[in-house]
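Undergrad: Read left to right, the sequence shown gives residues 5 to 484 (our numbering).
Here it is: the structure, laid out below.
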Amino acid sequence: MRSHLLNDTTTEHYRRSVTEGVERVAAKVATTDRPFTGVAVDALSPRIEQIDLDRPLYDTTAVLDELEEVYLRDAVYFHHPRYLAHLNCPVVIPALLGEAVLSAVNSSLDTWDQSAGGTLIERKLIDWTARRIGLGPGADGVFTSGGTQSNLQALLLAREEAKSEDLAKLRLFASEAGHFSVQKSAKLLGLGPDAVVPIPVDHDKRLQTVALAHELARCVEAGLVPMAVVATAGTTDFGSIDPLPEIAELCAQYGVWMHVDAAYGCGLLASLKYRDRVDGIERADSVTVDYHKSFFQPVSSSAVLVRDAATLRHVTYHAEYLNPRRMVTERIPNQVDKSLQTTRRFDALKLWMTLRVMGADGIGRLFDEVCDLAAEGWKLLTADPRFDVVVEPSLSTLVFRYVPAAVTDPAEIDRANLYARKALFASGDAVVAGTKVAGRHYLKFTLLNPETTTADITAVLDLIAGHAEQYLGESLDRAS
Numbered sequence: 005m006r007s008h009l010l011n012d013t014t015t016e017h018y019r020r021s022v023t024e025g026v027e028r029v030a031a032k033v034a035t036t037d038r039p040f041t042g043v044a045v046d047a048l049s050p051r052i053e054q055i056d057l058d059r060p061l062y063d064t065t066a067v068l069d070e071l072e073e074v075y076l077r078d079a080v081y082f083h084h085p086r087y088l089a090h091l092n093c094p095v096v097i098p099a100l101l102g103e104a105v106l107s108a109v110n111s112s113l114d115t116w117d118q119s120a121g122g123t124l125i126e127r128k129l130i131d132w133t134a135r136r137i138g139l140g141p142g143a144d145g146v147f148t149s150g151g152t153q154s155n156l157q158a159l160l161l162a163r164e165e166a167k168s169e170d171l172a173k174l175r176l177f178a179s180e181a182g183h184f185s186v187q188k189s190a191k192l193l194g195l196g197p198d199a200v201v202p203i204p205v206d207h208d209k210r211l212q213t214v215a216l217a218h219e220l221a222r223c224v225e226a227g228l229v230p231m232a233v234v235a236t237a238g239t240t241d242f243g244s245i246d247p248l249p250e251i252a253e254l255c256a257q258y259g260v261w262m263h264v265d266a267a268y269g270c271g272l273l274a275s276l277k278y279r280d281r282v283d284g285i286e287r288a289d290s291v292t293v294d295y296h297k298s299f300f301q302p303v304s305s306s307a308v309l310v311r312d313a314a315t316l317r318h319v320t321y322h323a324e325y326l327n328p329r330r331m332v333t334e335r336i337p338n339q340v341d342k343s344l345q346t347t348r349r350f351d352a353l354k355l356w357m358t359l360r361v362m363g364a365d366g367i368g369r370l371f372d373e374v375c376d377l378a379a380e381g382w383k384l385l386t387a388d389p390r391f392d393v394v395v396e397p398s399l400s401t402l403v404f405r406y407v408p409a410a411v412t413d414p415a416e417i418d419r420a421n422l423y424a425r426k427a428l429f430a431s432g433d434a435v436v437a438g439t440k441v442a443g444r445h446y447l448k449f450t451l452l453n454p455e456t457t458t459a460d461i462t463a464v465l466d467l468i469a470g471h472a473e474q475y476l477g478e479s480l481d482r483a484s
């Protein structure tokens, strides 16, 4: 079994095995003509259940053949232009090269003596991102597993900086269109069930600053402690961007930590056309960025940035076997000193390779393309009487629903849209997402693929309408 360990004697085995795997994936991507096969869970589950993991196949080719059956054939392929559902982007090739390198070398980014140059590369990328945001010379941060972890760490720092001995008095404020990880973080941080104060949004699904000001004042008058305001630069449902400058003013007025969840909207940091849409982000105390959403990186690649590096002390613990205190005075850089994680992949290498091959402008141009596409999609939807569209996009998300001319029952329209989404997924012709707006079911395009065209959007809208009309026709037949 030692022949399977990567070392100086097995490099040819490594090269052959990885090359064979890459060739399988390349062939699959080259011949995939739709984003999904439509396989049902009840059809796929028995295939995987029947595999006996205690009986190896002992052959790479046989294992790849099996993998084709249980995974590659029926995977959801985000690179396909008619995958329009969630915040999943097609990935750039330099990042995939980085993924291959980091997996093989297998550096762990918790301490210098496990990573060496990896630590310095990650720190360089954090500094680069902080400059793009405009956080100032005292900024710092660390890579994380994703936006949920980044938000959790930011709010942990905010909790500690609030310096309240009574956690029950702490309050944090977030848009009602913000990410659920805010509520999850509050629970994990030991805050009370009323800790998160939802702030209503305006017609464009942006946090209403008048309502925020009212809630901050009410909080102080009640003897409670405002802990943080979470502004969102790119909500999951609508891609809406909260009014960051006005929120920053209120945070400064009340001395409240300002966190910006830019997991989605961070692509604007590289944009050549739309960077001004996140003006005000430079005033944040902390920022979440997800490179694996709008920088076209493979999962996972995220970071949390802070204006004041000293605040990261709240997650610093020293262990003699890992990062003893003496290393601080010896100026040995250990990333575990500022991370919630200990063992951690060198995910920063993917972004490093991307920037060194493509440059930030290359990333920005790709993100600008999907924002432009969403603007064109908005025009198509507003001109199509079959659909009701919610808000004009700030990023690359479109939320809409099919509204038949002859049906006025909102519940029946809900069911038609739900049916259309499920039928479309089952067909494999396209994948779209769904959400609720004012209690009603809507559909959602999250456009993150520059290869998607307006023709793709038009075709998918026609498919949705066709499935919805089929449902309503059958519904009428059943009722008659």
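Note that the Cβ used here is the ideal one computed from N, Cα and C, for glycine as well.
Since this is a predicted model, take the numbers as computed values, not measurements.
Locate the beta strand (DSSP E) running through Ser-1, then write down its first and last residues.
TA: Since the first residue of the chain shown is 5 and the last is 484, residue 1 is not available in this structure.
Undergrad: Where Ser-484 and Leu-428 are concerned, what is the direct C-alpha to C-alpha distance, given to the nearest angstrom?
TA: As a position in the sequence shown, residue 484 is number 480, starting the count at 1. As a position in the sequence shown, residue 428 is number 424, starting the count at 1. With a pLDDT of 48 at Ser-484, under the threshold of 50, the predicted position of this residue should be treated as unreliable, though the coordinate-derived value follows. The straight-line gap from Cα to Cα measures roughly 26 Å.
Undergrad: In chain order, which continuous runs of the beta strand (DSSP E) of length 3 or greater are located wholly inside the region 155-227?
TA: Complete beta strand (DSSP E) runs here, min 3: 174-179 and 200-203.
Undergrad: Are Val-200 and Ala-181 touching if we call contact CB-CB under 9 Å?
TA: Along the sequence shown, read from residue 1 onward, the residue named residue 200 stands at position 196. Along the sequence shown, read from residue 1 onward, the residue named residue 181 stands at position 177. Cβ atoms of Val-200 and Ala-181: not closer than 9 Å.
Undergrad: Quick check on this structure: which residue in Asp-312, Ala-221 and Thr-152 has the alpha carbon closest to the alpha carbon of Leu-192?
TA: To locate residue 192, count along the sequence shown from 1; it is residue 188. Cα-wise, what sits closest to Leu-192 is Thr-152.
Undergrad: Just to confirm my understanding: we take Arg-6, look at its own chain, exclude 5 residues before and 5 after, and list those with CB closer than 7 Å. What are they?
TA: Taking the first residue of the sequence shown as position 1, residue 6 is located at position 2. Excluding sequence neighbours, Arg-6 sits near nothing in its chain.
Undergrad: Determine the burial state of Val-33: buried for a count of at least 16 other Cβ atoms within 10 Å of its Cβ, exposed for fewer.
TA: Taking the sequence shown and counting its residues from 1, the one referred to as residue 33 is at position 29. Classification of Val-33: exposed, given that the 10 Å Cβ count is below 16.
Undergrad: For Leu-273, collect the residues of the same chain with a Cβ closer than 6 Å to its Cβ; drop the 5 residues on either side in sequence, then sort them by chain order.
TA: In the sequence shown, counting from the first residue as 1, residue 273 sits at position 269. Closer than 6 Å at the Cβ level, and outside the excluded window around Leu-273, lie Arg-136.
Undergrad: Determine the burial state of Ile-52: buried for a count of at least 16 other Cβ atoms within 10 Å of its Cβ, exposed for fewer.
TA: For the purposes of this step, residue 52 is taken as the residue at position 48 of the sequence shown. Exposed: under 16 other Cβ atoms inside 10 Å.
Undergrad: To which residues of the same chain is Tyr-18 closer than 8 Å at the C-beta, ignoring the five residues directly before and after it?
TA: Looking up residue 18 in the sequence shown gives position 14. Contacts found: Leu-10 and Ala-108.
Undergrad: Give every residue of the same chain whose Cβ lies closer than 8 Å to the Cβ of Trp-346, excluding the five residues on either side of it in the sequence, and list them in chain order.
TA: The count along the sequence shown starts at 1 and reaches residue 346 at position 342. For clarity, residue 346 is Thr in the given sequence; the question names Trp instead. Once the five neighbours on either side are set aside, the close Cβ partners of Thr-346 are Asp-114, Leu-326 and Val-340.
Undergrad: How about Asp-208 and Leu-248: do their beta carbons lie closer than 9 Å?
TA: The count along the sequence shown starts at 1 and reaches residue 208 at position 204. The count along the sequence shown starts at 1 and reaches residue 248 at position 244. Going by C-beta atoms, Asp-208 is not nearer than 9 Å to Leu-248.
Undergrad: Quick one: what's Met-331 bridged to in DSSP?
TA: Your numbering for residue 331 matches position 327 in the sequence shown. According to DSSP, Met-331 bridges with nothing at all.
Undergrad: Which runs of the beta strand (DSSP E), 3 residues or longer, sit entirely within the region 429-471?
TA: List check, beta strand (DSSP E) in window: 435-441 and 444-450.
Undergrad: Since Ser-487 is in the beta strand (DSSP E), which residue starts that stretch and which ends it?
TA: The requested residue 487 does not occur in the structure, where the chain is confined to residues 5 to 484.
Undergrad: Would you say the region 58-66 touches the region 87-104, given that touching needs at least three Cβ pairs under 8 Å?
TA: As far as the Cβ criterion goes, the region 58-66 does not touch the region 87-104, which means the pair count is below three.
Undergrad: Helix, strand or coil: how does DSSP classify Ala-120 here?
TA: One-based indexing of the sequence shown puts residue 120 at position 116. DSSP places Ala-120 in coil when its eight states are reduced to three.
Undergrad: Do you know how far the Cα of Glu-455 is from the Cα of Trp-132?
TA: In the sequence shown, residue 132 corresponds to position 128, counting from 1. In the sequence shown, residue 455 corresponds to position 451, counting from 1. Whole-angstrom Cα-Cα distance: 28 Å.
Undergrad: For Val-441, which option in Gly-381, Glu-219, Ala-172 and Thr-240 has the closest C-alpha, if you only look at C-alpha atoms?
TA: For the purposes of this step, residue 441 is identified with residue 437 of the sequence shown, where counting begins at 1. If we check each option's Cα against that of Val-441, Thr-240 comes out closest.
Undergrad: I need the straight-line Cα distance from Thr-13 to Ser-111, nearest angstrom please.
TA: If you number the sequence shown from 1, residue 13 lands on position 9. If you number the sequence shown from 1, residue 111 lands on position 107. Straight-line Cα distance between these residues: approximately 20 Å.
Undergrad: Among the residues of its own chain, which have a CB less than 7 Å from the CB of Ser-398, if the five just before and after it don't count?
TA: Sequence index remark: in the sequence shown, residue 398 carries index 394 (1-based). Only Gly-243, Ser-244, Ile-245 and Arg-281 meet the Cβ criterion.
Undergrad: Rounded to whole angstroms, how far is the Cβ of His-263 from the Cβ of Leu-159, which I believe are closer than 8 Å?
TA: By one-based count along the sequence shown, residue 263 stands at place 259. By one-based count along the sequence shown, residue 159 stands at place 155. With 8 Å as the limit, His-263 and Leu-159 qualify as a contact, their Cβ atoms being about 7 Å apart.
Undergrad: Label His-218 either buried or exposed according to how many other C-beta atoms from any shown protein chain fall within 10 Å of its C-beta, with 16 as the threshold for buried.
TA: Within the sequence shown, the letter at position 214 stands for residue 218. Exposed is the call here.
Undergrad: Are the beta-carbon atoms belonging to Ala-166 and Val-229 less than 9 Å from one another?
TA: Start at 1 with the first residue of the sequence shown, and residue 166 comes out as number 162. Start at 1 with the first residue of the sequence shown, and residue 229 comes out as number 225. Contact: yes.
Undergrad: Can you look up Gly-290 in the DSSP assignment and give me helix, strand or coil?
TA: Taking the sequence shown and counting its residues from 1, one reaches residue 290 at position 286. Note on identity: in this sequence residue 290 is Ser, with Gly being the wrong assignment. It is a strand residue.
Undergrad: How is Leu-402 classed by DSSP in three states: helix, strand or coil?
TA: Working through the sequence shown from its first residue, we reach residue 402 at position 398. Note: Leu-402 maps to strand in three-state DSSP.
Undergrad: Looking only at its chain, what residues have a beta carbon closer than 6 Å to the beta carbon of Val-303, apart from the 5 residues adjacent to it on each side?
TA: Within the sequence shown, numbered from 1, the residue matching residue 303 stands at position 299. Excluding residues within five positions, the ones whose Cβ falls inside 6 Å are His-296.
Undergrad: Let's see if you can read the secondary structure: which residues bound the alpha helix (DSSP H) around Ala-232?
TA: If you number the sequence shown from 1, residue 232 lands on position 228. Counting along the chain, Ala-232 falls outside any alpha helix (DSSP H), though it belongs to the beta strand (DSSP E) covering 229-236.
Undergrad: Could you check the C-alpha separation between Asp-372 and Gly-227 for me, to the nearest Å?
TA: Within the sequence shown, the letter at position 368 stands for residue 372. Within the sequence shown, the letter at position 223 stands for residue 227. Approximately 46 Å between the Cα atoms of the pair.
Undergrad: Between which two residues does the alpha helix (DSSP H) carrying Phe-147 extend?
TA: Counted from its first residue, the sequence shown places residue 147 at position 143. Taken as a continuous stretch (DSSP letters only), Phe-147 belongs to no alpha helix (DSSP H), being part of the beta strand (DSSP E) at 144-148.
Undergrad: Which partner residues does Ile-245 have in the DSSP bridge list?
TA: Taking the sequence shown and counting its residues from 1, one reaches residue 245 at position 241. Per DSSP, Ala-237.
Undergrad: Does the distance from the C-beta atom of Leu-467 to that of Leu-377 stay below 9 Å?
TA: Reading the sequence shown from its first residue, position 463 is the one you call residue 467. Reading the sequence shown from its first residue, position 373 is the one you call residue 377. Against a cut-off of 9 Å, the Cβ pair of Leu-377 and Leu-467 comes out as no contact.
Undergrad: Taking 9 Å as the cut-off, decide whether the C-beta atoms of Gly-122 and Phe-350 are in contact.
TA: In the sequence shown, residue 122 corresponds to position 118, counting from 1. In the sequence shown, residue 350 corresponds to position 346, counting from 1. Yes.
Undergrad: If we count Cβ pairs, one from each stretch, closer than 8 Å, do we get three or more for the region 139-149 versus the region 380-400?
TA: Too few Cβ pairs lie closer than 8 Å, so no.
Undergrad: Taking all protein chains shown into account, do 16 or more other C-beta atoms lie within 10 angstroms of the C-beta of His-471, making it buried, or fewer, making it exposed?
TA: For the purposes of this step, residue 471 is taken as residue 467 along the sequence shown, with counting starting at 1. By the 10 Å Cβ count, His-471 comes out buried.
Undergrad: What are the start and end residues of the beta strand (DSSP E) that includes Phe-391?
TA: Within the sequence shown, the letter at position 387 stands for residue 391. First-last of the beta strand (DSSP E) with Phe-391: 391-393.
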